[in-house]
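Colleague: One structure, pasted below without further comment.
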Amino acid sequence: MKTFESDDGSLQNSLRQVLRGLDRADGRQAIAFRLVFAAIDVAILAFFLLGPYLRSGPSYLIIDYAIAVWIAAEMVGRAVAAFSLREWIRRPMTWIDFVVLATLLLPDLLFNFAFLRIMRFWAIGTSPLLKDLLRKAGYLYLLDVVRAVINLLVFLFMATGFVYTSFFYNREGSEGFVDALYFTVATVTTTGFGDITLPGTLGKLTSVVTMIVGISLFVRLAQAVVRPHKVTYSCHRCGLQRHDADAVHCKACGEVLNIPDEGS
1 MKTFESDDGS
11 LQNSLRQVLR
21 GLDRADGRQA
31 IAFRLVFAAI
41 DVAILAFFLL
51 GPYLRSGPSY
61 LIIDYAIAVW
71 IAAEMVGRAV
81 AAFSLREWIR
91 RPMTWIDFVV
101 LATLLLPDLL
111 FNFAFLRIMR
121 FWAIGTSPLL
131 KDLLRKAGYL
141 YLLDVVRAVI
151 NLLVFLFMAT
161 GFVYTSFFYN
171 REGSEGFVDA
181 LYFTVATVTT
191 TGFGDITLPG
201 TLGKLTSVVT
211 MIVGISLFVR
221 LAQAVVRPHK
231 VTYSCHRCGL
241 QRHDADAVHC
251 KACGEVLNIP
261 DEGS
């Protein structure tokens, strides 16, 4: 009995180590593994965005439940790879996956929350994979700009999804989704043509929140584009994270820095 328990424990530990290595390592195999997951995430997001066009088709639910199985398996894998279950539960992406999984398993009941599925795209922007790819391509200095663009796109399509499910869901074909996207873009950019408006108090509050958050994200994007390039390196004395690329001393405390440089 003890032998079986020992074998099970060693197998579980081996699996955990393999998953952790694939999730955090910098080797070619680990990066290829994460690229496959990112490609699948992009395909899933494409399905989410095309949902209004596909939901009347016979294969919609089949693809929907297949994605649910994939996300559930991915969640189990990440839970096994985590250092503790508590740490895994505390991750924001875990709760997002729970909500996405619920909307996939109960699409007719939770369709109003389907717009949250786009949050999986946010995970790509915060993953180490994006940083690794930009570093290998020589564009690491654009990391903040790319993340700002991803955040803006995530909010744009989240707001579009909320407007669509709350106000235009019953319209046939693609008309409802296009109207929702048109309204969201016009509101985020504060253009506000006025030919499409949202009715009632909820519609007005939605417009206000969309404009405020949209302007904030545009300002964040503009800051990322125009400000001088900074590198992320933790000062050993004061902990300051952002420094000039050619900095020799920390601006906050004067500590000598040893920022890694890939050379020119």
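The UniProt record's numbering applies: residue 1 is where the sequence shown begins, and numbers increase by one.
Ideal placement from N, C-alpha and C gives every residue a C-beta, glycine not left out.
Please report the straight-line C-alpha distance between V188 and A222, rounded to a whole angstrom.
Modeller: Near 15 Å, if we compare the C-alpha coordinates of A222 and V188.
Colleague: Helix or strand or just coil, what does DSSP make of D244?
Modeller: If DSSP states are grouped into helix, strand and coil, D244 belongs with the strands.
Colleague: Starting from V231 and walking both ways along the beta strand (DSSP E), at which residues does that stretch end?
Modeller: Run containing V231: K230 to T232, per the beta strand (DSSP E) assignment.
Colleague: Where do the N-terminal and C-terminal ends of the alpha helix (DSSP H) with R237 fall, by residue?
Modeller: R237 -> no alpha helix (DSSP H), and no H or E assigned at all.
Colleague: Are the beta-carbon atoms of I71 and V99 separated by less than 8 Å?
Modeller: Against a cut-off of 8 Å, the Cβ pair of V99 and I71 comes out as no contact.
Colleague: Going by beta carbon distance, what residues of the same chain come within less than 6 Å of M75, once the five residues before and after it are set aside?
Modeller: Around M75: D97.
Colleague: Between the alpha carbons of G51 and A73, how many angstroms are there, rounded?
Modeller: For G51 and A73, the distance between alpha carbons rounds to 22 Å.
Colleague: Using C-beta distances below 8 Å, list every residue in its chain close to D41, excluding the 5 sequence neighbours before and after it, in chain order.
Modeller: Result list for D41: R120, F121, A123 and I124, in chain order.
Colleague: Could you spell out the range, first to last residue, of the alpha helix (DSSP H) harbouring L61?
Modeller: Note, L61: alpha helix (DSSP H), Y60 to A81.
Colleague: Between the alpha carbons of S174 and R135, how many angstroms are there, rounded?
Modeller: About 39 Å.
Colleague: I need the straight-line Cα distance from L116 to V209, nearest angstrom please.
Modeller: For L116 and V209, the distance between alpha carbons rounds to 16 Å.
Colleague: Does DSSP put S264 in a helix, in a strand, or in coil?
Modeller: For S264, the predicted structure reports a pLDDT of 45, less than 50, and the residue's modelled location is therefore unreliable. The matter cannot be settled from this model.
Colleague: What residue range does the alpha helix (DSSP H) around K131 cover?
Modeller: Looking at the DSSP string, the run of the alpha helix (DSSP H) that includes K131 is P128 to A137.
Colleague: For T191 and N151, what's the separation of their Cα atoms in angstroms?
Modeller: Using only the alpha carbons, I get a separation of about 20 Å.
Colleague: Nearest to I196 by CA position, among L202, A186 and L205, is which residue?
Modeller: For I196, the nearest C-alpha among the options comes from A186.
Colleague: Among residues of its own chain, excluding the 5 on either side of L240, which ones have a beta-carbon nearer than 6 Å to its beta-carbon?
Modeller: Answer for L240: C250 and A252, listed in chain order.
Colleague: Buried or exposed: which applies to residue 324, given that a residue is buried once 16 or more other Cβ atoms fall within 10 Å of its Cβ?
Modeller: There is no way to answer for residue 324, as the model of the chain reaches only from 1 to 264.
Colleague: Between which residues of its own chain and T232 is the CB-CB distance below 7 Å, once the five residues before and five after are set aside?
Modeller: Result list for T232: Q241 and R242, in chain order.
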